[in-house]
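In this note's numbering, the protein residues as written are 2 to 411.
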């Protein structure tokens, strides 16, 4: 016969679990790190967007093109042939060799496919792996601001302290030596940058990177460079920090297939780093992910082998949309620098008398155009809104028309 727990403890009253818990203080089950990270500043507007009709969305940061068909077929073929087992933790050898050759050809960065490249489940996993591989509790991490919303939370989840590094509009959203020197301390271990930049479209050229390289070396810092928008560079060519010799052994490079090949949902990225850092990241990857989906890796192989023309057509179309949309913003009275990369415009709304959050909310409710408040990307984004021009030219022209009507109503 089963013994009643409470009777065994000397009570003659048997109570249910809910009776016991009622009125009894519960321990806090949520970890401090999870509790401490803020909710995404983008999600609020996306949730509101889902409840509305006839909305032109300039909020989602993904291409509006289909994945090139030959790339999709490669993934389908993997499934049809039953090639769906785990791969090496590092990723398929063929894919790592193609990534290595691609980076050497495009950006003059050399990474050994055997011990310096890991195929990850999107750049988001690569970011998490990189941060956890090098950051200890108490370490400070400089985060170029404005930045993608997950950077600071990833640092916090690793036990580090994110420190915003201001990159304001007057500096064309670039990291400057003065700003870096002002923020670096003895506790600083890592600098995180993303160029071409989300949300501003800003870029850093070779001279800009050389200007901060001595500071990085002198203060013994690591550099994490998220280059997911590297192919979407419209003025000249993207410069990878790892192509600059003083930075090569200090740089963790992140990149992937989501943006340039319109493969956001396939979730394929890659982490490139000196072998000791890559080995540390691989240990984490082995336990939390094991390997990137096999069929997606075969699709990525085909992207590198046979989708350059499709990619080039997409980039050319984004360049034309950029020119059309930014000219329209300036014409209706929203000052906007010409973004040199990515597919975002980042106009100032300071002249409207509204905060960027008020502007975004009212524009959505009154004219059904969705943009993202700049403050979601950090303090340097305050007073701006992010507009993704990954939409048809017709939608972009209509968005400009509606935004003009909204400005006239203020």
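Beta carbons are placed, not taken as given, at the ideal position from N, Cα and C, and that holds for glycine. Predicted model, so just to flag it, every value in this text is computed and none were measured.
query, result
"Top-ranked residue by Cα proximity to residue 406, from 374, 335, 254, 351", "335"
"Beta carbon of residue 158 nearer than 7 Å to that of residue 193", "no"
"Pair within 7 Å by beta-carbon distance, residue 424 and residue 307", "This structure does not reach residue 424, given that the chain is present from 2 up to 411, and the question cannot be answered."
"Enclosing beta strand (DSSP E) for residue 140 [first to last residue]", "Run containing residue 140: none; DSSP gives neither H nor E here."
"Entirely enclosed alpha helix (DSSP H) segments - the segment 184-249, minimum 4 residues", "207-219, 246-249"
"Test: residue 200 CB closer than 7 Å to a CB of chain C", "Included in the structure is just one protein chain, with no chain C present."
"Own chain, CB closer than 7 Å to residue 400, minus 5 neighbours either side, in chain order", "57, 59, 370"
"Collapsed DSSP secondary structure at residue 152 in the structure displayed", "helix"
"Under 7 Å between C-beta atoms of residue 304 and residue 150", "no"
"Paired residues, beta bridge with residue 253 - DSSP", "225"
"Cα-Cα separation, residue 145 to residue 31", "29 Å"
"Which listed residue (272, 393, 392) has its alpha carbon closest to that of residue 128", "272"
"Bounding residues of the beta strand (DSSP E) (the contiguous stretch that carries residue 166)", "162-167"
"Runs of beta strand (DSSP E) wholly within the segment 383-410 (minimum 3 residues, chain order)", "386-389"
"Reference residue 126; option with closest CA among 138, 137, 115, 152", "152"
"Nearest to residue 286 (by Cα), restricted to the options 142, 313, 99, 89", "89"
"Touch test, the segment 211-220 against the segment 177-186, Cβ-Cβ under 8 Å, three pairs minimum", "yes"
"Three-state class that DSSP yields for residue 374 in the structure shown", "strand"
"Outcome for residue 409 when other beta-carbon atoms lying within 10 angstroms are tallied against a minimum of 16", "exposed"
"Cβ contact check for the segment 71-80 and the segment 162-174: 3 or more pairs under 8 Å", "no"
"Straight-line gap, residue 296 to residue 36 (C-alpha atoms, nearest Å)", "35 Å"
"Pair within 7 Å by beta-carbon distance, residue 260 and residue 229", "yes"
"Backbone CA spacing between residue 396 and residue 199 [nearest angstrom]", "21 Å"
"According to DSSP, residues forming a beta bridge with residue 272", "119, 255"
"C-alpha distance - residue 205 paired with residue 83, whole-angstrom precision", "44 Å"
"Exposure label - residue 137; buried when at least 16 CB within 10 Å", "exposed"
"N-terminal and C-terminal residue of the alpha helix (DSSP H) that residue 430 is part of", "Within the shown structure, residues of the chain are numbered from 2 to 411, placing residue 430 beyond reach of any answer."
"Identity of the residue in 211, 132, 319 nearest residue 62 by Cα", "319"
"Enclosing alpha helix (DSSP H) for residue 80 [first to last residue]", "70-81"
"Option nearest residue 337 by Cα separation, candidates 202, 189, 100", "202"
"Endpoints, alpha helix (DSSP H) assigned at residue 33", "33-37"
"For residue 232 and residue 312, believed in contact at Cβ under 8 Å, the rounded distance", "6 Å"
"Alpha-carbon to alpha-carbon, residue 333 and residue 388", "15 Å"
"Cβ-based burial, residue 298 [other Cβ within 10 Å; buried from 16]", "buried"
"Residue 141 to residue 183 span [Cα, whole Å]", "14 Å"
"Whole-angstrom distance between residue 190 and residue 161, CA atom to CA atom", "10 Å"
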